[in-house]
Amino acid sequence: MPAPAPAPSGTYYANCDDVRAHGAAPIHPGDPGFRDAFDRDDDGVGCE
1 MPAPAPAPSG TYYANCDDVR AHGAAPIHPG DPGFRDAFDR DDDGVGCE
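No gaps in the numbering here: position 10 of the sequence shown is 10 in full-length UniProt numbering, and each next residue is one more.
Here is the structure:
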């Protein structure tokens with residue numbers, strides 16, 4: 001099953017430390033600011 005398209009937003013996180021600093025971790029596909037790079041183990045949960 002294909003991953004959901006990212007939500008349109010101006011949200012950008014530089015890295016997982018940035019995601020955590022903004023209280024957005026864990027981050028999932030479709031969440032504002034999500035990028036595939038955040039989900040290194042491809043389990044659908046980023047910055048865990």
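Built from N, CA and C at the ideal position, the CB exists for glycine as well.
Keep in mind that this is a model prediction, so the values were computed, not measured.
The beta carbons of Phe-38 and Gly-30 sit about 12 Å from each other, so the pair does not count as a contact at 8 Å. In this chain, the alpha helix (DSSP H) harbouring Val-19 covers 16 to 21.
With 16 or more neighbouring CB atoms inside 10 Å of its own CB, Ala-24 falls in the buried class.
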